[in-house]
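Undergrad: Encoded as structure tokens, here's the structure I'll be asking about.
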Amino acid sequence: MAEQIHFVAMMYPDPEKVDRLIELIKEIAAYVHDHEPSAWQYEFYKSSDGDQPVIVVIERYFDQASIDAHVHTRGYQKFSKAVADESLCIRNHKAYFLSQVAGFKRT
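In terms of full-length UniProt numbering, the sequence shown is residues 1 to 107.
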């Protein structure tokens, strides 16, 4: 079995446009849930760094091919285009691929 792929991304929305970004996030999350069975985890959380809102994205996929397919879906392309076209983020997101070193997850 291929190794699962885990990563975390940080998005830095324009504070005045965070509600619009969350609206789009809800749409892409529903799309991924309904159309991408190899996306095992696709969660968004809102946090902040002082006055700056931060959206934390946690994703887990079956394998690299699943991620490659994800970024080429109609839903992801629509989401990415809207984020860029509407200038919803004040700086580029940061993504971190993760390698587990210890711990567990209860299900």
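A virtual CB, placed ideally from N, CA and C, is assigned to each residue, including glycine.
Predicted model, so just to flag it, every value in this text is computed and none were measured.
Am I right that I5 and D63 are in contact with their C-beta atoms under 8 angstroms? What's the rounded C-beta distance?
TA: Yes, I5 and D63 are in contact; Cβ-Cβ is about 6 angstroms, under 8 angstroms.
Undergrad: So L21 and I55 are supposed to be a Cβ contact under 8 angstroms. How far apart are they, rounded?
TA: Confirmed, Cβ separation roughly 7 angstroms.
Undergrad: Just checking, does the region 68-80 make contact with the region 91-98 on the three C-beta pairs under 8 angstroms criterion?
TA: Short answer: they don't touch.
Undergrad: For the UniProt domain "ABM" (5-81), which segments carrying the alpha helix (DSSP H) assignment without a break, of at least 4 residues, lie completely within its bounds, in sequence order?
TA: Whole alpha helix (DSSP H) segments, 4+ residues: 18-35, 64-70.
Undergrad: Spell out the partners DSSP gives A95 in its beta bridges.
TA: Paired residues: A9.
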